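The end of the sequence shown is residue 863 by this note's numbering, with every number in the run present.
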Amino acid sequence: MKAVYLLLAATAAVSVSAETWALVPKPRHVWQKRGTYHLATNRVERADVRFVRDGRLAAEGYFLDVSPTAIVVKASAKAGEFYAMKTLEQLMRQREIPCCEIRDSPEFAWRGFLIDEARHFMGKETVKRYIDLMSRVKMNVLHWHLTDDDGWRLELKRHPEVHLKGSVRPESMGHGGDDRDPRMTGTQYGPYFYTQEDVKEILAYAEAHCVKVVPEFDVPAHSRALFVSHPEFTCRGPDDPAFRSPLTMYGPQYECFCAANEDGMRFIEDVFDEICALFPSPEIHIGGDECPPNRWHECPKCQALMRELGLTDERQLQTRMTHRFAKFLAARGRKAIAWDETLSKDMPRNLMMQLWRSPADGRRAVEAGLDVILSPSCWCYFDMPQDCDRDPFQYLGSKACAVSLERAFSFDPYEGLAPTLWPRVKGVECCAWGECTWGWFDLNWKMWPRSFATAEV
Ligand code: ACM
Ligand code: ZN
Numbered sequence: 407m408k409a410v411y412l413l414l415a416a417t418a419a420v421s422v423s424a425e426t427w428a429l430v431p432k433p434r435h436v437w438q439k440r441g442t443y444h445l446a447t448n449r450v451e452r453a454d455v456r457f458v459r460d461g462r463l464a465a466e467g468y469f470l471d472v473s474p475t476a477i478v479v480k481a482s483a484k485a486g487e488f489y490a491m492k493t494l495e496q497l498m499r500q501r502e503i504p505c506c507e508i509r510d511s512p513e514f515a516w517r518g519f520l521i522d523e524a525r526h527f528m529g530k531e532t533v534k535r536y537i538d539l540m541s542r543v544k545m546n547v548l549h550w551h552l553t554d555d556d557g558w559r560l561e562l563k564r565h566p567e568v569h570l571k572g573s574v575r576p577e578s579m580g581h582g583g584d585d586r587d588p589r590m591t592g593t594q595y596g597p598y599f600y601t602q603e604d605v606k607e608i609l610a611y612a613e614a615h616c617v618k619v620v621p622e623f624d625v626p627a628h629s630r631a632l633f634v635s636h637p638e639f640t641c642r643g644p645d646d647p648a649f650r651s652p653l654t655m656y657g658p659q660y661e662c663f664c665a666a667n668e669d670g671m672r673f674i675e676d677v678f679d680e681i682c683a684l685f686p687s688p689e690i691h692i693g694g695d696e697c698p699p700n701r702w703h704e705c706p707k708c709q710a711l712m713r714e715l716g717l718t719d720e721r722q723l724q725t726r727m728t729h730r731f732a733k734f735l736a737a738r739g740r741k742a743i744a745w746d747e748t749l750s751k752d753m754p755r756n757l758m759m760q761l762w763r764s765p766a767d768g769r770r771a772v773e774a775g776l777d778v779i780l781s782p783s784c785w786c787y788f789d790m791p792q793d794c795d796r797d798p799f800q801y802l803g804s805k806a807c808a809v810s811l812e813r814a815f816s817f818d819p820y821e822g823l824a825p826t827l828w829p830r831v832k833g834v835e836c837c838a839w840g841e842c843t844w845g846w847f848d849l850n851w852k853m854w855p856r857s858f859a860t861a862e863v
């Protein structure tokens, strides 16, 4: 009898490639069976599915069994059940789902998507829509870049002057502008920021979509929008005209927090404290990118501090800050994430590194014993050109550094790493930097289909 059953099973089930059904990302194992399951409505409802909890299945993994009479999902937790539903939605043809067995679990715990709203504000409905879109391809981290030189987008109850002054700029660089021909808009941008009530609404929406929202407060550079209300925290002080408004033209900046200003350091901690109270994520992003040492080099107070501490290089000032904020967050049960410029010989253990420059920096971080998230710009920055003809949109960078769809697909997060180090790679994240992205329409154009590639990776 068993042999007959096995023979029947062998003829009834064939392994199919997930491309046949256009499942994105491709599940690990797909077996097609004869027949279809018919739905009563033109969408899959939870009532169509019988859920069984099975603690042996991987975190976020699921086993899906569709037969003509039933759909059964086994998962160890809510996320697996949610992803099985997403797979069912992708499998739905008219009012039918092909009978199959699917076993799936993600390679990485961190499947991230960065939205930068400091440059251009997208608004609550777009963010929610993006959470929905991300979750459909089983991405699970919204890295929310809320603060930068160009704008501050988060209401602070303890320091409202920051969002009130930092969320509005007198004008912006317009479409077609670059640093030789800025084409300023001449019109005020903002005030645009999320109230804490907005944030709570977005967090609840994200939770329902199995998405973790990780906020970024980018320090010690990329903070000109904050310096509009607190120029005293910079090396140059309140008289510098640079601090009259957030940055209106994008591009690298020298301005940063004065490393010797203890009030400034405490202020940063106070903002992180408020961020921790609002966001439940186990990780908080502390930025740390693109902080040139020029101001610290010129500043007598920073130089005196270096002499006092016996430091020989300004970068050690940044390392000191990274340690300080990682420790501050660790005391609140959170792990700090920093961009790869912060990598030094002496790194705090309780820090995660996000790599955006070359994959070689990721390898150095992993070899230094850190967990990493990989977003190398040449594969994961979708504000770079996508190398397609008749593209009406503006990008950062020239066509020579295009990130085509094929290139995004070709990213191998383990390349050059010994298999023993693979567990340190926590995941991959694609980034929608916002300098040249004004709203929903061009965000969509740039992020899709390239984000499918990241989901697949
Ligand atoms: C970055 O692109 N500056 C993280
Ligand atoms: Zn200074």
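We put the beta carbon where it would ideally sit given N, CA and C, even for glycine.
For clarity, every value in this text was computed on a predicted model and none was experimentally measured.
The beta strand (DSSP E) enclosing G557, as first and last residue numbers: Element bounds for G557: n/a, residue is neither H nor E.
- request: Would you mind sorting T426 into buried or exposed? The rule is 16 or more other CB atoms within 10 Å of its CB.
  value: exposed
query: Can the beta-carbon of F519 be found less than 8 angstroms from the beta-carbon of E835?
result: yes
query: Would you call the CB atoms of A774 and M758 closer than 8 angstroms?
result: no
task: Pull up the distance between the alpha-carbon of E513 and that of D460, whole angstroms please.
output: 19 angstroms
According to DSSP, residues forming a beta bridge with K618: V547
field: Buried or exposed by the 16-neighbour rule on C-beta atoms within 10 Å, applied to G572
entry: buried
- prompt: What does a CB cutoff of less than 8 angstroms around Y820 pick up in its chain, not counting 5 residues either side in sequence?
  reply: W828 and V831
For G840, the three-state DSSP class (helix, strand or coil): coil
query: Can you tell which of R525, H565 and C616 has the C-alpha that lies nearest to the C-alpha of M540?
result: C616
task: Kindly examine ligand 1 and report whether one of its heavy atoms sits closer than 7 angstroms to the Cβ of E696.
output: yes
- prompt: What separation, rounded to the nearest whole angstrom, lies between the Cα atoms of P782 and A453?
  reply: 42 angstroms
- request: Kindly indicate the opening and closing residues of the beta strand (DSSP E) around K439.
  value: H435 to H444
query: DSSP on A808, reduced to helix/strand/coil?
result: coil
task: Output the distance between the C-alpha atoms of H565 and H691, rounded to the nearest integer angstrom.
output: 20 angstroms
message: Taking 7 angstroms as the cut-off, is the beta-carbon of C664 closer than that to any non-hydrogen atom of ligand 2?
response: yes
field: 8 angstroms Cβ cutoff met for K805 and D789
entry: no
query: W844 and H526 look like a contact to me (Cβ under 8 angstroms); what is the Cβ gap, rounded to whole Å?
result: 5 angstroms
task: Taking all protein chains shown into account, decide if N546 is buried (16 or more other Cβ within 10 angstroms of its Cβ) or exposed.
output: buried
field: Cα-Cα separation between T553 and V455, rounded to whole angstroms
entry: 42 angstroms
Cβ shell of E577 (< 8 angstroms), same chain only, five flanking positions each side left out: M590, T591, G592, T593, Q594, Y595 and T654
- request: Would you tell me roughly how many angstroms separate the C-alpha atoms of E680 and E561, rounded to the nearest one?
  value: 10 angstroms
message: Please classify P644 as buried or exposed, where buried requires at least 16 neighbouring CB atoms within 10 angstroms.
response: exposed
- request: Count the CB pairs spanning the region 528-540 and the region 503-511 that are closer than 8 angstroms, and state whether there are at least three.
  value: no
message: Can you look up Y600 in the DSSP assignment and give me helix, strand or coil?
response: strand
message: Under 8 angstroms: do the region 695-706 and the region 660-668 share three or more Cβ pairs, one atom per stretch?
response: yes
message: Measuring only the C-alpha atoms, how far is A612 from V625?
response: 26 angstroms
query: Does DSSP classify R740 as helix, strand or coil?
result: coil
- request: Ignore the nearest five residues each way along the sequence and tell me which others in W516's own chain have a CB closer than 6 angstroms to its CB.
  value: V547, I779, K832 and G833
- prompt: Rounded C-beta distance between V619 and S687? I'm assuming under 8 angstroms.
  reply: 6 angstroms
Beta strand (DSSP E) runs contained entirely in the region 618-672, provided each spans 3 or more residues: 618-625
task: Please list the segments of the alpha helix (DSSP H) lying wholly inside the region 671-740, counting only runs of 4 or more residues, in order along the chain.
output: 700-704, 706-715 and 721-736
- prompt: Could you give the distance in angstroms between the alpha-carbon of A737 and the alpha-carbon of A744?
  reply: 17 angstroms
- prompt: Exposed or buried, what is P621 when buried is set at 16 or more other beta-carbons lying within 10 Å of its beta-carbon?
  reply: buried
message: Measuring only the C-alpha atoms, how far is A490 from I508?
response: 9 angstroms
- prompt: Are the beta-carbon atoms of R630 and F649 separated by less than 8 angstroms?
  reply: yes
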